[in-house]
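**Q** Let me begin by handing over the structure; questions about it come next.
Protein chains in written order, with the numbering used here: chain A, 16 to 389; chain B, 16 to 389.
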């Protein structure tokens, strides 16, 4: 039987059926009850939670039990530096920022600068270094509290991380990574070892503070295999399994399948795109649920469920549920044309990016405040 | 066909035929011509060179060519901390000290504190840490110049080493380490990665000084597989292959097969053994080439070629060739009894250890001088 879609840390393709993925990965659905528990503590629910951008989890109930007992969690997420940041990358980061604000959580942000180096044939550490600095600016621009936020760069924090990674590595066989990541005998031995480094920040704060601190990892669902292994190993080292909360992928402009990717920059909105560039990309490439002619559209209406512009508004840019509902209905009835819908989105994105890019510039002087110091 | 002997970084067993090993490993014999080249520069030949304790090499002629062009080499050897140091461990270290003196060479000494942790099931990092400090004392006690000698501890110098190890790792497939080290799918992913870390000190000084510096690695021949791989990879990173010079194993007291091991402490002389302990071990366990009775020994003579005490004198403790020759002949003729031969050795070892242990005590305050600082 042909796979209809494929989700691994290194490949996302096909039209993803997230209900199937929940079963395939053995994660739990992020249900109403759990959302209510979050809302109770946060006072509200972030758009990403309300709109099911975050759709699955592992052990989130346990994490909230601990929180209710007064045992605060820390957040861990990351970014393997390579190329530009696009809007899809921001899902877990923005949720982290919201969780930091609402739960007073410390944030550990990993930049595994060896990951892409090890997995991409022609990438050098010099290439990675350039992306690293640029990528850090995007994280800082989201407004994290520098006093509560710590950046870890694998090769620069190796004194802190390599020993812990060895402890993880000792508990993982090649068979396990082979099965989880599709590696084989021709894989390089750095790529085989790598998942051990990705596991470390999930318990490093517990090592440093010499007590068990619960960990919550917001992450793209494609990263789940790393933490399936990490969750097996970490209790063997005397720490608690990290809880996970998974987001869906922001689709590329070209349509509702797969995952936005910076390497296909025509169908990705980068955080550094100019207003003109955003307009060009959306007008030219954003897959439309509209009809072939204006007349037909007015008569039969469009399909917002496959319309990428509408989906971006739903998943990211229109927080007002009532306004979104109206756009949905107007598009479906044919009252709202594709060009008008795109225009709404373009303005929203450009508004978001104008602020982001301003904060991104200011971030250049702040990097050292965020880098973890022993 | 049954293997008669086995030499890998993790197992040495059987009566080793070093001529066969030269062919098996594809190393070159350390011949007279080469020894003369060394002697020309050093003014003399160390006992370990004269007596073929160091018996094989890779690219030593190239190293001397470079030296003659004014391109000085540095030395690299190491010790995976675990348990006590025995006399056999000292072969490469003592040669390094001699080479440092004679060639003015910088010395990089690696303590890969993760190696035994990764390869030994029940060993913890706490266990390793204890051995690490003890082992460092033995190295310092040999008299290295602290200004020209740098200790690298893998987990403590990971900021310096991990990135370089990733560069090495990217060029090595699992197939390669499988074949070289007998690893398999059940091996842990730390043990699979490890050889990358062992390769790093062979080119790290070149990285730091931003120019190619030739490297010479004195090492037990069982470590050759690590550097067979490293020598393939290092030129791909833009540096020269390190030259190697290999020593035979000091046999255990029990006889001329295998390799002395600290875990079988009755048949190993540890650097911390008391004079009484040395006497007990040698009198009780040192395999003798003598006859069953004194009468028979006087009549037929002993066999120094299989007598461990004689071999220790030859390989380590009697630098005077004439004296050694006389002992050989006297033992063979039966004039020298086994008890007398053992007595000669016991005095020599205890004399050596008395000095070593004194310097070992003084070394406690010197460790920080030897640890490499960025």
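For every residue, glycine included, the Cβ atom is placed at its ideal position computed from N, Cα and C.
Comparing C-alpha positions only, which one of B:308, B:371 and B:303 sits nearest to residue 431 of chain B?
**A** Since the first residue shown for chain B is 16 and the last is 389, residue 431 of chain B is missing from the structure and cannot be characterised.
**Q** How long is the line joining the alpha carbons of residue 220 of chain B and residue 358 of chain B, rounded to whole angstroms?
**A** Here residue 220 of chain B refers to the residue found at position 205 of the second chain. Here residue 358 of chain B refers to the residue found at position 343 of the second chain. If you take the alpha carbons of residue 220 of chain B and residue 358 of chain B, they lie about 45 Å apart.
**Q** Pull up the distance between the alpha-carbon of residue 70 of chain A and that of residue 238 of chain A, whole angstroms please.
**A** Taking the first chain and counting its residues from 1, the one referred to as residue 70 of chain A is at position 55. Taking the first chain and counting its residues from 1, the one referred to as residue 238 of chain A is at position 223. Going from the Cα of residue 70 of chain A to the Cα of residue 238 of chain A covers about 14 Å.
**Q** Let me check understanding here. Comparing Cα to Cα, which of A:272, A:65, A:156 and A:339 lies closest to residue 28 of chain A?
**A** What you label residue 28 of chain A is simply residue 13 of the first chain in a count that begins at 1. Nearest C-alpha to residue 28 of chain A: A:272.
**Q** Residues of the segment 163–174 of chain B with a CB closer than 9 Å to any CB of chain A: list them in chain order, please.
**A** 169, 170, 171, 172, 173 and 174
**Q** Does any residue of chain A have a CB that is nearer than 7 Å to the CB of residue 208 of chain B?
**A** Taking the first residue of the second chain as 1, we reach residue 208 of chain B at position 193. Output row for residue 208 of chain B: interface = yes.
**Q** So residue 217 of chain A and residue 245 of chain A are in contact, right, with Cβ under 8 Å, and what is the actual spacing, rounded?
**A** Counting from 1 along the first chain, the entry for residue 217 of chain A is found at position 202. Counting from 1 along the first chain, the entry for residue 245 of chain A is found at position 230. That belief holds up - the Cβ atoms of residue 217 of chain A and residue 245 of chain A are roughly 6 Å apart, short of 8 Å.
**Q** Grouping DSSP H, G and I as helix and E and B as strand, with all else coil, what is residue 245 of chain B?
**A** Within the second chain, residue 245 of chain B is the residue found at index 230, counting from 1. DSSP places residue 245 of chain B in helix when its eight states are reduced to three.
**Q** If we cut at 7 Å on Cβ distances, does residue 248 of chain B have a partner in chain A?
**A** The count along the second chain starts at 1 and reaches residue 248 of chain B at position 233. It does not: the Cβ of residue 248 of chain B has no partner Cβ on chain A nearer than 7 Å.
**Q** Strictly below 7 Å CB to CB, what residues from chain E border residue 239 of chain A?
**A** Chain labels in this structure do not include chain E; the protein chains are A and B.
**Q** For residue 103 of chain A, which residues in the same chain have their Cβ closer than 7 Å to its Cβ, ignoring the five residues on either side in sequence?
**A** Walking along the first chain from the start, residue 103 of chain A turns up at place 88. Here the set comprises 264, 265, 274 and 275.
**Q** Do you know how far the Cα of residue 209 of chain B is from the Cα of residue 328 of chain B?
**A** Taking the second chain and counting its residues from 1, the one referred to as residue 328 of chain B is at position 313. Taking the second chain and counting its residues from 1, the one referred to as residue 209 of chain B is at position 194. Going from the Cα of residue 328 of chain B to the Cα of residue 209 of chain B covers about 36 Å.
**Q** The beta strand (DSSP E) spanning residue 231 of chain B covers which residue range?
**A** Sequence index remark: in the second chain, residue 231 of chain B carries index 216 (1-based). From DSSP, the beta strand (DSSP E) with residue 231 of chain B extends over 230–235.
**Q** Which term fits residue 214 of chain B, buried or exposed, when burial requires 16 or more other beta carbons within 10 angstroms of its beta carbon?
**A** Translated into positions along the second chain, residue 214 of chain B becomes position 199. Its Cβ being crowded by 16 or more others within 10 Å, residue 214 of chain B is buried.
**Q** Using a Cβ-Cβ cut-off of 7 Å, state whether residue 181 of chain A counts as contacting chain B.
**A** As a position in the first chain, residue 181 of chain A is number 166, starting the count at 1. By this cut-off, residue 181 of chain A is an interface position.
**Q** For residue 97 of chain B and residue 168 of chain B, which I take to be in contact (beta-carbon distance under 8 Å), what is that distance rounded to the nearest angstrom?
**A** As a working mapping, residue 97 of chain B is identified with position 82 in the second chain. As a working mapping, residue 168 of chain B is identified with position 153 in the second chain. Contact flag wrong, Cβ pair sits at about 14 Å.
**Q** Distance, Cα to Cα, residue 309 of chain A vs residue 352 of chain A?
**A** For this step, residue 309 of chain A is matched to residue 294 along the first chain. For this step, residue 352 of chain A is matched to residue 337 along the first chain. Approximately 7 Å, taken between the alpha carbons.
**Q** Taking a cut of 9 Å between CB atoms, which residues from the segment 368–388 of chain B lie near chain A?
**A** none
**Q** If you run the structure through DSSP and keep just helix, strand and coil, what is residue 199 of chain B?
**A** Translated into positions along the second chain, residue 199 of chain B becomes position 184. The answer is coil: DSSP assigns residue 199 of chain B none of H, G, I, E or B.
**Q** Would you report the Cα separation of residue 46 of chain A and residue 35 of chain A, rounded to the nearest angstrom?
**A** Reading the first chain from its first residue, position 31 is the one you call residue 46 of chain A. Reading the first chain from its first residue, position 20 is the one you call residue 35 of chain A. Roughly 16 Å between the two C-alpha positions.
**Q** Can you list, in chain order, the residues of its chain whose CB lies under 7 Å from that of residue 315 of chain A, leaving out five sequence neighbours each side?
**A** Locating residue 315 of chain A in the first chain gives position 300, where the first residue counts as 1. Around residue 315 of chain A: 306 and 349.
**Q** In the structure shown, what three-state DSSP assignment does residue 374 of chain B receive?
**A** Numbered from 1 along the second chain, position 359 holds the residue referred to as residue 374 of chain B. If DSSP states are grouped into helix, strand and coil, residue 374 of chain B belongs with the helices.
**Q** Are the beta-carbon atoms of residue 150 of chain B and residue 94 of chain B separated by less than 7 Å?
**A** Along the second chain, one-based indexing puts residue 150 of chain B at 135. Along the second chain, one-based indexing puts residue 94 of chain B at 79. Their beta carbons are under 7 Å apart, which means residue 150 of chain B touches residue 94 of chain B by this criterion.
**Q** Only counting the same chain, and skipping five residues up and downstream in sequence, which positions put a Cβ closer than 7 Å to that of residue 24 of chain A?
**A** If you number the first chain from 1, residue 24 of chain A lands on position 9. Cβ neighbours of residue 24 of chain A beyond the five flanking positions: 196, 237, 238, 240 and 241.
**Q** Beta carbon of residue 187 of chain B, beta carbon of residue 207 of chain A: below 7 Å?
**A** As a first step, residue 187 of chain B must be located in the second chain, where it is residue number 172. As a first step, residue 207 of chain A must be located in the first chain, where it is residue number 192. Their beta carbons are not under 7 Å apart, which means residue 187 of chain B does not touch residue 207 of chain A by this criterion.
**Q** What residues of chain B sit near residue 129 of chain A, judged by a beta carbon separation below 8 Å?
**A** Indexing the first chain from 1 puts residue 129 of chain A at position 114. Those are 177, 178 and 181, listed as they occur along chain B.
**Q** In terms of residues, what are the limits of the alpha helix (DSSP H) holding residue 115 of chain B?
**A** Position 100 of the second chain, counting from 1, holds the residue named residue 115 of chain B. Element bounds for residue 115 of chain B: 105–118.
**Q** Quick one: Cα of residue 375 of chain A to Cα of residue 92 of chain A, how far?
**A** Sequence index remark: in the first chain, residue 375 of chain A carries index 360 (1-based). Sequence index remark: in the first chain, residue 92 of chain A carries index 77 (1-based). Near 19 Å, if we compare the C-alpha coordinates of residue 92 of chain A and residue 375 of chain A.
**Q** List the residues of chain A whose Cβ lies closer than 7 Å to the Cβ of residue 192 of chain B, in chain order.
**A** Numbered from 1 along the second chain, position 177 holds the residue referred to as residue 192 of chain B. Neighbours of residue 192 of chain B on chain A, chain order: 204.
**Q** Check the C-beta distance from residue 260 of chain B over to residue 75 of chain B and give it rounded, since I have them as a contact under 8 Å.
**A** Numbered from 1 along the second chain, position 245 holds the residue referred to as residue 260 of chain B. Numbered from 1 along the second chain, position 60 holds the residue referred to as residue 75 of chain B. Right, the Cβ-Cβ distance comes to about 6 Å (below 8 Å), so this counts as a contact.
**Q** Contact criterion: CB-CB distance below 7 Å. Does residue 133 of chain A meet it with respect to chain B?
**A** As a first step, residue 133 of chain A is located in the first chain; it is residue number 118 there, counting from the start. Closer than 7 Å to some Cβ of chain B, the Cβ of residue 133 of chain A qualifies, so yes.
**Q** Please state whether DSSP places residue 346 of chain B in a helix, a strand or coil.
**A** Your numbering for residue 346 of chain B matches position 331 in the second chain. Note: residue 346 of chain B maps to helix in three-state DSSP.
**Q** Under DSSP, the alpha helix (DSSP H) around residue 205 of chain B begins and ends at which residues?
**A** By one-based count along the second chain, residue 205 of chain B stands at place 190. Looking at the DSSP string, the run of the alpha helix (DSSP H) that includes residue 205 of chain B is 204–214.
**Q** If we cut at 7 Å on Cβ distances, does residue 117 of chain B have a partner in chain A?
**A** Mapped onto the second chain, residue 117 of chain B falls at position 102. Chain A, which has no Cβ nearer than 7 Å to the Cβ of residue 117 of chain B, makes this no.
**Q** For residue 367 of chain A, which option in A:87, A:184, A:146 and A:109 has the closest C-alpha, if you only look at C-alpha atoms?
**A** For the purposes of this step, residue 367 of chain A is identified with residue 352 of the first chain, where counting begins at 1. Selected option, being the one with the closest Cα: A:109.
**Q** Using a Cβ-Cβ cut-off of less than 8 Å, list which residues of the segment 140–153 of chain A approach chain B; keep chain order.
**A** 140
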